[in-house]
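Participant:
Chains as they are written, first to last, in our numbering: chain U, 3 to 100; chain S, 3 to 100; chain C, -15 to 114; chain V, -15 to 114; chain W, 10 to 131; chain D, 10 to 131.
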């Protein structure tokens, strides 16, 4: 299983779209840094083509820093740094989209 | 008159779209650096909302470096560095989109 | 598990150094080993000894130094990327006729082979882009 | 015309320094005056004396030095941005207890007032973003 | 205060933690105000994220930008603008921002750029 | 050549003159090949611009990336891929590229990522 991370804001940068276009399950998609803006409802349409074998996560600290912890779409599981580490080990390899 | 410059590739970055959305004539729009990819036919749809009071330019050296001088859409006037200087002086002020 | 980390982003123009640091600290906290951190591209600026950020901002280079010392982490800075950006040790400063060196203690200049090796011989390689 | 230039991009992570240089040279060729170049944000890395790019690549800092010397251009590096990124002159190196200075000759550390002044008191201010 | 043709508009397009762009823009605004230059700010595109309340920068060991933004009125910087479309595209509530910004439709944003004597963008 | 699970895929998403990303990716590929590590390259999104013929880097005083890319076959790096959709979205002719890349539909691109033992992205 591949872990995909995205760290760019979807309002300015195509990294999230590019990742989703090249992604097939089983996979984990983790939004970090400015990528966490992608977990807000305004961008849910980007995720429609993903099926149930792609699990979506978002990093808690980056949400808090940006004041959007209360805006996260239900598709996402909010995880802390330790869970990020565990996720990266549960996956065989990773692709960073930036 | 305002000179708007855009230096990001439209395939990865929203700068060109963002510029066009906030632009009204009379104005000059100059694509430079990776922004020159925006002068190729694949992106002409982005320019449809501009009227005849917005003049579109693209920087010659950046086209040549990227091997796309033969692909420039007819809407654009290809200019050299000296013409860039003259254009920046013909305008009162500039906004760099990046 | 043995984990290697790639930092490919400027400490001031990206969050790569900060996020990678938080990841590494969490991994160590869970009992894993961070074997090597490789700084490449703009990431090499994080190895400058001369950075003097405001007192209420974090100096990420210093944070990495401390973590590396406490947990025996190799901190490798890509030598080609560093030369191009003006991050030099004494030896390279002399070789290129430069007036000073600025590579922070605890960091080592080396080649890309160290990254290729980390990719294939660690249990995981985690990339933090810029 | 009196033209000021803002370079707001790393010389290695953006083309800002290169494009600004070509613009400045063309302006001088047309008989205009480049009064000041202000390096801000990641742009301050362009003022490092330690950069040692491969011999077949341009050292943009050196190009700026030559142009500035020939045409009496003020080259101002934002002091706050430079400190944060480890670009220091002798005085700042001493003040912050750093082992060396690395600001290239011909560049001067100063405050943001020099940018605000350039914006309002030049005929044009041309920004090259990163 | 200076005449309109000598006023400066600082345009910022980056979120609060995207490099130092937001802080660099703000520092230029505060410097200009200290020099008694009339100065306004346009928060375009992702920069509207700077205006969100409840940002906790310490969660990522960063310095709070919001605290500095909220000090703008103390420096008599009161020409604060944001395109309504930038907030809408990001699903943000214009009634819940940490600064009193004037919301502009896209035509008004374009007109704003024309109205200032000088523009600097980040 | 190494077994598939020990092979490395270098994914690059940047054009030829966007920072040093393209060159950094290529340098890692050449280093890996020198260490006799099996290595492939996926040119995704804007990276397909690297494959355009007739780039004249000297027009902006830059070093030619194309020259180095064309040397890849000499180093036995022959696993070269690009998504067909990336070329189409940019209006580029797949029959006029400076390297013989294998074109993939989006499903095949996703499958490619799964097939390599390790991935590094730029």
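Glycine included, every Cβ here is placed at the ideal spot set by N, Cα and C.
Determine the contact status of residue 77 (chain U) and residue 45 (chain U), defining contact as a CB-CB distance below 8 Å.
Facilitator: No. Outside cutoff.
Participant: Distance cutoff 8 Å, beta carbons only. Does residue 24 (chain S) sit that close to anything in chain W?
Facilitator: By this cut-off, residue 24 (chain S) is an interface position.
Participant: Along the region 24 to 37 of chain C, what residues have a CB closer than 9 Å to any CB found in chain D?
Facilitator: Cβ contacts with chain D come from 24, 25, 26.
Participant: Cβ of residue 103 (chain C) within 8 Å of Cβ of residue 17 (chain D)?
Facilitator: For residue 103 (chain C) and residue 17 (chain D), yes; Cβs fall inside 8 Å.
Participant: For chain W, is any of its Cβ atoms less than 8 Å away from the one on residue 34 (chain S)?
Facilitator: Closer than 8 Å: no.
Participant: Could you tell me the alpha carbon to alpha carbon distance between residue 84 (chain S) and residue 86 (chain W), rounded to whole angstroms?
Facilitator: Whole-angstrom Cα-Cα distance: 38 Å.
Participant: Can you check whether the C-beta of residue 34 (chain W) is within less than 8 Å of a C-beta belonging to chain C?
Facilitator: It does not: the Cβ of residue 34 (chain W) has no partner Cβ on chain C nearer than 8 Å.
Participant: Report the partner residues of residue 96 (chain U) according to the DSSP bridge assignment.
Facilitator: Answer by DSSP bridge pairing, in chain order: U:5.
Participant: Quick check on residue 98 (chain U) - is its C-beta less than 8 Å from some C-beta in chain D?
Facilitator: Yes - at least one Cβ of chain D is within 8 Å of the one on residue 98 (chain U).
Participant: Ignore the nearest five residues each way along the sequence and tell me which others in residue 2 (chain V)'s own chain have a CB closer than 8 Å to its CB.
Facilitator: Excluding positions up to five away in sequence, the list reads -5, 42, 44.
Participant: Kindly list, in the order they appear in chain D, the residues whose Cβ is closer than 8 Å to that of residue 99 (chain C).
Facilitator: Within 8 Å Cβ-Cβ: 37, 40, 129.
Participant: Cutting at 7 Å between CB atoms, please list the residues of its own chain near residue 30 (chain W), excluding the five before and the five after it.
Facilitator: The answer, listed in chain order, is 21, 23, 131.
Participant: Return the chain-ordered list of same chain residues with a C-beta closer than 6 Å to the C-beta of residue 96 (chain S), the five sequence neighbours on each side being excluded.
Facilitator: So the qualifying residues of the chain are 5.
Participant: Assign residue 114 (chain D) to one of two classes, buried (16 or more other C-beta atoms within 10 Å of its C-beta) or exposed (fewer than that).
Facilitator: Exposed, because fewer than 16 other Cβ atoms sit within 10 Å of the Cβ of residue 114 (chain D).
Participant: With a floor of 3 residues, list each beta strand (DSSP E) that falls wholly inside the region 23 to 76 of chain U, ordered by position along the chain.
Facilitator: List check, beta strand (DSSP E) in window: 29 to 33, 56 to 61.
Participant: Spell out whether any CB of chain V is found under 8 Å from the CB atom of residue 17 (chain W).
Facilitator: Yes, because at least one Cβ of chain V sits closer than 8 Å to the Cβ of residue 17 (chain W).
Participant: If you reduce the DSSP assignment to three classes, tell me which class residue 86 (chain U) lands in.
Facilitator: Correct three-state label for residue 86 (chain U): helix.
Participant: Just the C-alpha distance for residue 92 (chain S) and residue 37 (chain W), rounded to the nearest angstrom, thanks.
Facilitator: So the two alpha carbons sit approximately 26 Å from each other.
Participant: Going along the chain, which residues of its own chain have a beta-carbon closer than 8 Å to the beta-carbon of residue 78 (chain W), five neighbours each way excluded?
Facilitator: For residue 78 (chain W), where only same-chain residues beyond five positions count, the Cβ hits under 8 Å are 35, 59, 60, 107, 108.
Participant: Tell me the DSSP bridge mates of residue 111 (chain V)?
Facilitator: Per DSSP, V:-10.
Participant: Are the C-beta atoms of residue 90 (chain V) and some chain C residue less than 8 Å apart?
Facilitator: No, no contact with chain C.
Participant: Cα-Cα, which of C:23, C:48, C:32, C:-3 is closest to residue 9 (chain C)?
Facilitator: Among C:23, C:48, C:32, C:-3, the Cα nearest to that of residue 9 (chain C) belongs to C:48.
Participant: Whose CA, out of V:59, V:-2, V:51, V:30, lies closest to the CA of residue 69 (chain V)?
Facilitator: The shortest Cα separation from residue 69 (chain V) among V:59, V:-2, V:51, V:30 belongs to V:30.
Participant: Counting along the chain, where does the beta strand (DSSP E) carrying residue 94 (chain V) start and finish?
Facilitator: Note, residue 94 (chain V): beta strand (DSSP E), 92 to 94.
Participant: Can you tell me where the alpha helix (DSSP H) with residue 130 (chain D) in it begins and where it stops?
Facilitator: First-last for residue 130 (chain D): 127 to 130, but that is the beta strand (DSSP E), not the alpha helix (DSSP H).
Participant: If you scan the region 72 to 129 of chain W from start to end, which runs of the alpha helix (DSSP H) of 4 or more residues do you find wholly inside it?
Facilitator: Listed in chain order, they are 74 to 79, 93 to 98, 115 to 124.
Participant: Residues in its own chain within less than 7 Å of residue 109 (chain V) by CB, not counting five upstream and five downstream?
Facilitator: Closer than 7 Å at Cβ, skipping near neighbours: -12, -10, 102, 103.
Participant: Is the region 51 to 67 of chain C close to the region 20 to 40 of chain C, with three or more CB pairs under 8 Å?
Facilitator: In short, these stretches touch, since the Cβ pair count reaches three.
Participant: Tell me where the beta strand (DSSP E) around residue 16 (chain W) begins and ends.
Facilitator: Taken as a continuous stretch (DSSP letters only), residue 16 (chain W) belongs to no beta strand (DSSP E), as it is neither H nor E.
Participant: One question on the structure: do residue 34 (chain S) and residue 7 (chain S) come within less than 8 Å of each other, judged by their Cβ atoms?
Facilitator: A contact, by the Cβ cut-off of 8 Å.
Participant: Does any residue of chain W have a CB that is nearer than 8 Å to the CB of residue 64 (chain V)?
Facilitator: At least one chain W Cβ lies under 8 Å of residue 64 (chain V).
Participant: At least one CB of chain E closer than 8 Å to the CB of residue 29 (chain W): is that the case?
Facilitator: No chain E appears in this structure, whose protein chains are U, S, C, V, W and D.
Participant: Any beta-carbon of chain V closer than 8 Å to the one on residue 52 (chain W)?
Facilitator: Not closer than 8 Å to any Cβ of chain V, the Cβ of residue 52 (chain W) fails to qualify, so no.
Participant: With distances taken from CA atoms, which of W:88, W:33, W:121, W:14 is nearest residue 97 (chain V)?
Facilitator: Measuring from the Cα of residue 97 (chain V), the nearest candidate turns out to be W:33.
Participant: Quick one: Cα of residue 74 (chain D) to Cα of residue 64 (chain C), how far?
Facilitator: Approximately 16 Å between the Cα atoms of the pair.
Participant: At 7 Å on the CB atoms, spell out the chain C contacts of residue -14 (chain V), in chain order.
Facilitator: Chain C residues near residue -14 (chain V): none, gap ~31 Å exceeds 7 Å.
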